[in-house]
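The structure under discussion appears below in the form of structure tokens.
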Amino acid sequence: IVPLLSLIDHHLNSSKMRTAAFIILLILPFSILAQDYAKLGQAFTDGNTSAVGKWLSPLVDLSLEGKTQSLGRGDCKSKIQAFFNENSPRSFTKVHEGVSGSDVHYMIGELSTSTGIYRVTVYLQKSGEEFEIQSMEIDK
Numbered sequence: 212i213v214p215l216l217s218l219i220d221h222h223l224n225s226s227k228m229r230t231a232a233f234i235i236l237l238i239l240p241f242s243i244l245a246q247d248y249a250k251l252g253q254a255f256t257d258g259n260t261s262a263v264g265k266w267l268s269p270l271v272d273l274s275l276e277g278k279t280q281s282l283g284r285g286d287c288k289s290k291i292q293a294f295f296n297e298n299s300p301r302s303f304t305k306v307h308e309g310v311s312g313s314d315v316h317y318m319i320g321e322l323s324t325s326t327g328i329y330r331v332t333v334y335l336q337k338s339g340e341e342f343e344i345q346s347m348e349i350d351k
């Protein structure tokens, strides 16, 4: 980021332009994550386990209706698929998103299914250039 800021500083003479460029650099990661949240929400709406699976870290803490397990990516996908099979998804609505003090990003949403509405909470951490789901809770 420092070389990028130096380049911006060299080409931008006014303090207003430098301030605008700095703000854009600060906001850009959050706007990218917002787009990612939309894709993840669509994966829940579609009941697309493969798409949800792309977000999973190698080890995930999964809580389904009060039962919490630490699972590998493959086992977690299987549990989510079984949940989708029993509770056919209809829609997903993001209710809230944020970042904790320890830089854990989270999204809370409501998943409407054939058997009722479930609250979904997803916790993500950055791994390299991508965000991965570290923990997921699905409760009625």
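Start counting the sequence shown at 212; every next residue gets the next number (the working numbering).
Just so it is clear, CB atoms sit at the ideal spot from N, CA and C, and this is done for glycine as well.
Only counting the same chain, and skipping five residues up and downstream in sequence, which positions put a Cβ closer than 8 Å to that of residue i?
i    : result
E321 : F303, T304, V306, I328, Y329, R330, V331
F294 : L275, I349
Over what stretch of residues does the alpha helix (DSSP H) that includes residue i continue unbroken?
i    : result
D286 : 284 to 297
K260 : According to the sequence as given, residue 260 is Thr; it is not Lys. Counting along the chain, the alpha helix (DSSP H) containing T260 begins and ends at 260 to 264.
Apart from the five residues on each side of it in sequence, which residues of its chain come closer than 6 Å, Cβ to Cβ, to residue i?
i    : result
L267 : R284, C287, I344
D247 : none
I319 : V306, H307, T332
L282 : V271, L273
Strictly by DSSP, which residues pair up with residue i?
i    : result
Y334 : Y317, S346
F303 : L322
E341 : S338
K278 : L275
State buried or exposed for residue i, treating a residue as buried only when at least 16 other CB atoms are found within 10 Å of its CB.
i    : result
V310 : exposed
K290 : buried
A254 : buried
T326 : exposed
G258 : buried
N298 : buried
S346 : buried
T279 : exposed
G252 : buried
E340 : exposed
Looking at the secondary structure, which residues open and close the beta strand (DSSP E) in which residue i lies?
i    : result
S311 : Element bounds for S311: n/a, residue is neither H nor E.
S268 : 267 to 275
If you measure from the CB of residue i, is any heavy atom of the ligand PLP nearer than 7 Å?
i    : result
S302 : Ligands are entirely absent from the displayed structure, and the ligand PLP is therefore not among its contents.
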